[in-house]
Amino acid sequence: MEDERMQTPAVQPQYNSAVTKSNALIEANYKLSTIEQKIILYIISQIRKDDADFKMYKLPIQEFSELLGYRGSPKYTELREITKNLMRKVLEIREGQKLKQLSWVSYVEYDEHSGYVSLAFDPRLKPYLLQLKREFTTYRLKNVMELKSSYSIRMYELLKRWQYMGEVVIRLDDLRMMVGAGDKYSEYHNFKKRVLNPAKKEIAEKTDIMFTYEEIREKRKVARMYELLKRWQYMGEVVIRLDDLRMMVGAGDKYSEYHNFKKRVLNPAKKEIAEKTDIMFTYEEIREKRKVAAIRFQIREKVVEPVVVALEEKKEAQADDRYLQFLAVVQAYDRYITEQQFTKIAVLAQKAFGGNWMDELIQTARRIMQRNDIREPIAFLTYFLNEKVQRIQVGINPNEVTIHSHGGARFVRREIVPDWLRGYEEQLAAESAKSKEVDEDIEQMRRELEERLKKYKD
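If you count by the working numbering, then the sequence shown holds residues 12 to 469, one letter each, in order.
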């Protein structure tokens, strides 16, 4: 006899609608079966962005039955049992020192005469599902409808929420709770075997993203802070939302109160990084309604390295002279550069070009300035030199461009694109790659920027 229950329902055209949830709801703790999650997500996809209140969300019982993977005529007894269990499920949302416990569904009605089932969300879910203006995540319903594992669905949602970060560190216990595993796989090797690896495989095969993970077996919040600041260093300044910063350094909800996070993470990292590394930073608290919501970092090299210049006999070039010489080049193209900007560029140029760095720098700057399609040539020059230096430091030929592409499904890259770089998208898309007047290094770097922007946009 043929099995009446299908493993996975086929993706229907209506599954192309979007699911939008607040990030707080994405990161809430709850345990739902695969079927229960699909019911909730399907109903969420029926919410419109301008809805001011919840409605009774109706769908044909036959369609509801197919959504759950049943074939043939609807099995009312089983359907009723599923929705009864769903009404008993609780989710927990932590907001500061408050822990909220809510139900998903407050009312279900079956109309066997008309062939419809109607569901209503708990009204207390309104702030997490209706008229979301900020701190929310959106994805296509079809990306989860073919997933068989409830853990894969939850992992997909979390990855979509963290996607723009590129990478995130999260405590193992927090991840267990978020995906609904609880204490089921208390031993890490079981959690890895039953949750992480199956989710990694299924998400890569059936959705629009993929991910890799690394096991961190020691406390390294300061090291993580240093890695992030080095990545952002050439930007000089960056603003990161506090919740995202907690996730990036692996603090999670451990220091949910800002004063604890400041005392245990920010200030110790500031002191240790300044004492033991090549950079230092200051930070500014950005408040929203008197509450710290984001951090603005100013990052700089701890010690400005002396600029070494090849000296001609009986003639010693001074730093001021070099600045004025370079300023004259820049002003010839109706641009301006401060002495502080030049000092940073000079340090990078020395590392990138060696002894004849000044001549190479002027030649490179002129070629960049001559390109009408680059609106921020000084910023591009800084980026260009920084990339060459980084490649030299890791033993890569600075003229060699390596672009990591996964093709098809793809997880986000591990770098954060600065705002000024985003501005190049339009002109990079329109420019010709055939210009013979542009130095080969600059053209290769331009291609890399173009690829990075495409990957970030995707």
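Positions of the beta carbon are idealized from the N, C-alpha and C atoms, including for glycine. This structure is a prediction, so every number in the text was calculated from the model and none was measured.
DSSP beta-bridge partners for residue i?
{"i": "residue 292", "result": "310"}
{"i": "residue 122", "result": "127"}
{"i": "residue 71", "result": "127"}
{"i": "residue 116", "result": "132"}
{"i": "residue 298", "result": "303"}
{"i": "residue 473", "result": "Because the chain spans 12 through 469 in this model, residue 473 falls outside it and cannot be assessed."}
{"i": "residue 249", "result": "308"}
{"i": "residue 33", "result": "147"}
What's the gap between the Cα of residue i and the Cα of residue j?
{"i": "residue 197", "j": "residue 169", "result": "20 Å"}
{"i": "residue 403", "j": "residue 390", "result": "20 Å"}
{"i": "residue 395", "j": "residue 379", "result": "10 Å"}
{"i": "residue 239", "j": "residue 293", "result": "14 Å"}
{"i": "residue 27", "j": "residue 192", "result": "28 Å"}
{"i": "residue 286", "j": "residue 280", "result": "10 Å"}
{"i": "residue 399", "j": "residue 358", "result": "12 Å"}
{"i": "residue 99", "j": "residue 114", "result": "7 Å"}
{"i": "residue 370", "j": "residue 332", "result": "14 Å"}
{"i": "residue 29", "j": "residue 367", "result": "56 Å"}
{"i": "residue 97", "j": "residue 299", "result": "36 Å"}
{"i": "residue 31", "j": "residue 148", "result": "6 Å"}
{"i": "residue 217", "j": "residue 83", "result": "26 Å"}
{"i": "residue 222", "j": "residue 342", "result": "47 Å"}
{"i": "residue 81", "j": "residue 87", "result": "11 Å"}
{"i": "residue 50", "j": "residue 121", "result": "15 Å"}
{"i": "residue 356", "j": "residue 312", "result": "12 Å"}
{"i": "residue 237", "j": "residue 261", "result": "13 Å"}
{"i": "residue 205", "j": "residue 153", "result": "24 Å"}
{"i": "residue 132", "j": "residue 175", "result": "29 Å"}
{"i": "residue 56", "j": "residue 62", "result": "12 Å"}
{"i": "residue 227", "j": "residue 155", "result": "28 Å"}
{"i": "residue 253", "j": "residue 302", "result": "11 Å"}
{"i": "residue 416", "j": "residue 177", "result": "Confidence is the limiting factor: at residue 416 the pLDDT is only 28, short of 50, which leaves the residue's position unreliable, though a coordinate-based value still follows. If I take the Cα positions, the gap works out to 14 Å."}
{"i": "residue 38", "j": "residue 372", "result": "48 Å"}
{"i": "residue 95", "j": "residue 116", "result": "10 Å"}
{"i": "residue 386", "j": "residue 340", "result": "17 Å"}
{"i": "residue 179", "j": "residue 241", "result": "16 Å"}
{"i": "residue 337", "j": "residue 348", "result": "9 Å"}
{"i": "residue 269", "j": "residue 89", "result": "47 Å"}
{"i": "residue 54", "j": "residue 297", "result": "36 Å"}
{"i": "residue 130", "j": "residue 118", "result": "6 Å"}
{"i": "residue 92", "j": "residue 126", "result": "17 Å"}
Look up residue i in the DSSP assignment and say whether it is helix, strand or coil.
{"i": "residue 40", "result": "strand"}
{"i": "residue 27", "result": "helix"}
{"i": "residue 304", "result": "strand"}
{"i": "residue 103", "result": "strand"}
{"i": "residue 179", "result": "coil"}
{"i": "residue 60", "result": "coil"}
{"i": "residue 268", "result": "coil"}
{"i": "residue 84", "result": "coil"}
{"i": "residue 382", "result": "coil"}
{"i": "residue 284", "result": "helix"}
{"i": "residue 445", "result": "Reliability fails at residue 445, whose pLDDT of 33 lies under 50, so the model's placement of it is uncertain and no value is given."}
{"i": "residue 410", "result": "Low confidence applies to residue 410: its pLDDT is 47, below 50, so where it sits in the model is not reliable enough to give any reading."}
{"i": "residue 109", "result": "strand"}
{"i": "residue 54", "result": "helix"}
{"i": "residue 348", "result": "coil"}
{"i": "residue 66", "result": "coil"}
{"i": "residue 387", "result": "coil"}
{"i": "residue 321", "result": "Any reading at residue 321 needs caution, since the residue's pLDDT is 41, under 50, leaving its predicted position unreliable; the model's value is listed next. Residue 321 falls in the coil class under three-state DSSP."}
{"i": "residue 18", "result": "Confidence at residue 18 is low in this model, with a pLDDT of 36, below 50, so its placement is unreliable and the value that follows should be read with caution. DSSP places residue 18 in coil when its eight states are reduced to three."}
{"i": "residue 363", "result": "helix"}
{"i": "residue 262", "result": "coil"}
{"i": "residue 343", "result": "coil"}
Exercise for the section: Output the residue ranges of the alpha helix (DSSP H) runs that lie fully inside the region 193-229 and measure 4 residues or longer, sorted by chain position. Expected result: Within the region 193-229, the complete alpha helix (DSSP H) segments at least 4 residues long are 199-202 and 208-217, listed from N- to C-terminus.
Exercise for the section: Indicate whether the contact test is met: 3 or more Cβ pairs, each with one atom in the region 239-250 and one in the region 124-144, closer than 8 Å. Expected result: The way I'd put it, the region 239-250 doesn't touch the region 124-144; fewer than three beta-carbon pairs between them come closer than 8 Å.
Exercise for the section: Ignoring anything shorter than 4 residues or poking outside the region 132-171, list the alpha helix (DSSP H) runs there in chain order. Expected result: 137-140 and 153-156
Practice task
Spell out a yes or no on whether the region 161-180 and the region 100-110 are touching, meaning 3 or more CB-CB pairs, one atom from each, closer than 8 Å.
Solution key: Short answer: they don't touch.
Exercise for the section: Determine, using beta-carbon pairs with one atom in the region 151-162 and one in the region 42-49, whether at least three such pairs fall under 8 Å. Expected result: yes
Exercise for the section: Report yes or no: do three or more beta-carbon pairs, one from the region 253-269 and one from the region 205-220, lie closer than 8 Å? Expected result: no
Practice task
Evaluate contact between the region 61-74 and the region 179-188, counting only Cβ atoms and requiring at least three cross-stretch pairs below 8 Å.
Solution key: no
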